[in-house]
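Trainee: Following this message is one structure expressed as structure tokens.
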Amino acid sequence: MSEKLDHITEDSIKMLVDQFYIKVRKDPDLKPIFERAIGTDDGQWQPHLDRMYDFWSSIMLASSRYHGTPMKKHNDLPPFDLSLFDRWLELFEETARDIHNEDVTAHYKDKSIRVAESIKIAIRRKSGKVV
Ligand code: HEM
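Numbering-wise (my numbering), the sequence shown opens with residue 189 and increments by one.
Shown next, in the form of structure tokens:
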């Protein structure tokens, strides 16, 4: 993208989520975890993408559209190496940077790191490890 967006809209969130999960679905380490939980077909993925549009809209635009339980969802996944959160965050930041200017990218980065930390704490608690 040549012109970087300096603001966030529902459309830019869709673009970000769609492009991010295209990367996730190609990543050798993340792909199997997601495919096992969601499936391999676009039709199976759309409900996940719809939830993620709502999630990011709630966080970035305060739309209050998301009513899910992300901690529980991740806790219910088969155990995976928590270092994969770094890869997730790297791909997410890369996607934000493809679309947005530095300020907006930094905002997304900050929020994604905070949520990732909360999810990791919840997973570690569940598996009995000290946080
Ligand atoms: C390595 C890191 C991660 C993995 C492997 C992962 C995996 C998954 C999977 C497989 C699902 C679908 C669960 C299902 O529908 O059954 C999911 C849902 C979700 N993930 Fe993640 N995730 C990761 C990190 C994150 C991070 C960092 C965030 C937020 C910044 C996040 C936010 C969400 C949300 C909001 C949902 C939807 C939960 C719902 O159904 O309401 N995930 N994740």
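C-beta atoms are modelled at their ideal positions from N, C-alpha and C, and glycine is treated no differently.
Please read these numbers as outputs of a predicted model, since none were measured by experiment.
Could you tell me which whole alpha helix (DSSP H) segments of length 4 or greater appear in the stretch 212-287?
Mentor: Counting only runs of 4 or more, we get 218-226, 230-249, 258-263 and 272-287.
Trainee: In or out: S245 buried (at least 16 other Cβ within 10 Å) or exposed?
Mentor: Buried is the call here.
Trainee: Judging by CA-CA distance, which residue of H295, D269, A294 and R302 is the nearest neighbour of L380?
Mentor: The question about residue 380 has no answer here: the residues shown for the chain are numbered 189 through 319.
Trainee: Just to check, is the beta-carbon of N226 closer than 7 Å to a non-hydrogen atom of the ligand HEM?
Mentor: At residue 226 the sequence reads Ile, which differs from the Asn that was named. Under cutoff, so the answer is yes.
Trainee: Does the ligand HEM have a heavy atom nearer than 7 Å to the CB of P266?
Mentor: No, the beta carbon of P266 sits no closer than 7 Å to any heavy atom of the ligand HEM.
Trainee: Measuring alpha carbon to alpha carbon, tell me which residue in D298, R275, V292 and A310 is nearest P258.
Mentor: Selected option, being the one with the closest Cα: A310.
Trainee: Tell me the DSSP bridge mates of L193?
Mentor: Paired residue(s): H288.
Trainee: Quick check: is any heavy atom of the ligand HEM less than 7 Å from the C-beta of M248?
Mentor: M248 Cβ: outside cutoff for every heavy atom of the ligand HEM.
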